[in-house]
Amino acid sequence: MSEQFQPVDALLDVIAASSAVVKIIAFFVAWLLLWLPIAIPLAISLKWHPPKPLAIAQKIPLVLSLYLLAPLVLWGFAKLEGRTFAAYGLVLARSTFSSLLLGLGLGILGIALLFSLERWAGWIEIEQSNQRQFVAALLPTLALGLLISLIEELIFRGFLLNQLQLEYAAWVAAASSSLIFALLHLVWEGTEIAPQLPGLWLMGVVLVIARWADGGSLGLACGLHAGWVWGMASLDTAQLIRYTDRGSEWLTGIKKQPLAGGMGLLLLCGTGGLLWSFVS
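Count along the sequence shown from 1, add 305, and you get the number used in the numbering used here.
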């Protein structure tokens, strides 16, 4: 019986002794292979045929099924290296929870400031008739934001950043992990998300700084990421914001996406600058 596992053991030994890039590729391949037996029947039942764009009702089940597998794959890689999730910055402690709440508040404050300035400038208006839908969306979008942020931070600002920092300078690791983070959004959104790629890259860098500012913990980064997702998802679900087209889309965001506009990038730069002041 043990002879049957010798090739697998040999492969695991090779991966454990490999470079950061090889380990990262191996992680994503393992994640994909584990997901495919779930994804294929799920895609069939949802009547989705790649490369056809995903409708929101199709996207959510597929994304959730993929993301819920991520901790299992990460656990395998952590075990392979003789580590725990604490090495990736996920520590179950009161300080982590406090940082999470701080980041959540900072993220929501940033979103509120962004749209308050745009409303003051006359670039957007609030659809008062949709306020009830906005309130109703808050709880489910909070749960979604926390799940997405936890998984993505564990992968990109945890596992990937750790691997890259072992072999490259800190800023090279930060830029590289953020580039991977941005480019992988193309998988779900296709070329429609292309104008947001610079903003997504900058967002990744700011979240790396958040981890550094939090002493290596993912608490602050998770909270900040969740706050942004929570705020934007709630506004989008309720369609609370209406653009007046009085402001240039280069400021408000191409295709009404804040990460593809100057104001959104300015928010990220300001948040990054504030967090950098706490990096020791």
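C-beta atoms are modelled at their ideal positions from N, C-alpha and C, and glycine is treated no differently.
Bear in mind that the values here come from a model prediction, so they are computed numbers and not experimental data.
Neighbourhood of residue i by C-beta, 7 Å cutoff - its chain only, sequence neighbours within 5 removed
i, result
"Gly463", "Tyr393, Gly394, Leu395, Leu523"
"Gly536", "Gly412, Ile413, Ile416"
"Leu507", "Leu570, Leu573"
Option nearest residue i by Cα separation, candidates the options
i, options, result
"Leu418", "Pro563, Arg399, Val368", "Pro563"
"Pro355", "Leu339, Trp336, Trp493", "Trp493"
"Ala344", "Asp541, Leu422, Leu373, Gln470", "Leu373"
"Lys357", "Gly495, Lys384, Ser481", "Gly495"
"Ile330", "Ala538, Leu491, Leu469", "Leu469"
"Leu261", "Lys561, Trp517, Lys560", "Nothing can be reported for residue 261, as the shown portion of the chain is limited to 306 through 585."
"Leu540", "Gly509, Ser404, Leu447", "Leu447"
"Val319", "Phe382, Val584, Ser582", "Phe382"
"Phe583", "Ser404, Leu444, Leu385, Leu452", "Ser404"
Proximity of residue i and residue j at Cβ, strictly below 8 Å
i, j, result
"Ala543", "Ala526", "no"
"Leu465", "Ile485", "yes"
"Ser454", "Ala531", "yes"
"Glu432", "Thr549", "no"
"Gly569", "Gly558", "yes"
"Ala487", "Val513", "no"
"Ile325", "Leu471", "The sequence shown places Ala at residue 325, not Ile. Yes, the Cβ-Cβ distance between Ala325 and Leu471 is below 8 Å."
"Gly528", "Gly387", "no"
"Leu397", "Leu367", "no"
Limits of the unbroken alpha helix (DSSP H) element including residue i
i, result
"Tyr372", "361-385"
"Glu457", "436-457"
"Lys328", "325-350"
"Gly415", "399-425"
"His354", "Element bounds for His354: n/a, residue is neither H nor E."
"Leu491", "490-494"
Helix, strand or coil at residue i [DSSP, three-state]
i, result
"Tyr473", "coil"
"Arg547", "strand"
"Glu432", "coil"
"Ser582", "coil"
"Lys560", "helix"
"Gly567", "helix"
"Thr389", "coil"
"Val396", "coil"
"Asp519", "coil"
"Met306", "With a pLDDT of only 44 at Met306, under the threshold of 50, the placement of this residue in the model should not be trusted; the figure read from the coordinates follows. Note: Met306 maps to coil in three-state DSSP."
"Ser553", "coil"
Sequence-distant residues of the same chain with beta carbon closer than 8 Å to residue i, five excluded per side
i, result
"Ala375", "Trp336, Ile456, Leu459, Ile460"
"Leu377", "Leu339"
"Ala442", "Ala538, Ser539, Thr542, Ala543"
Own chain residues within Cβ distance below 6 Å of residue i, not counting five before or after
i, result
"Leu371", "Trp340"
"Ser307", "Unreliable positioning characterises Ser307 in this predicted model, as indicated by a pLDDT of 49, which lies under 50. A coordinate reading is not provided."
"Val511", "Leu573, Thr576, Gly577"
"Ile546", "Ile429, Leu540"
"Gln363", "Leu351, Trp353"
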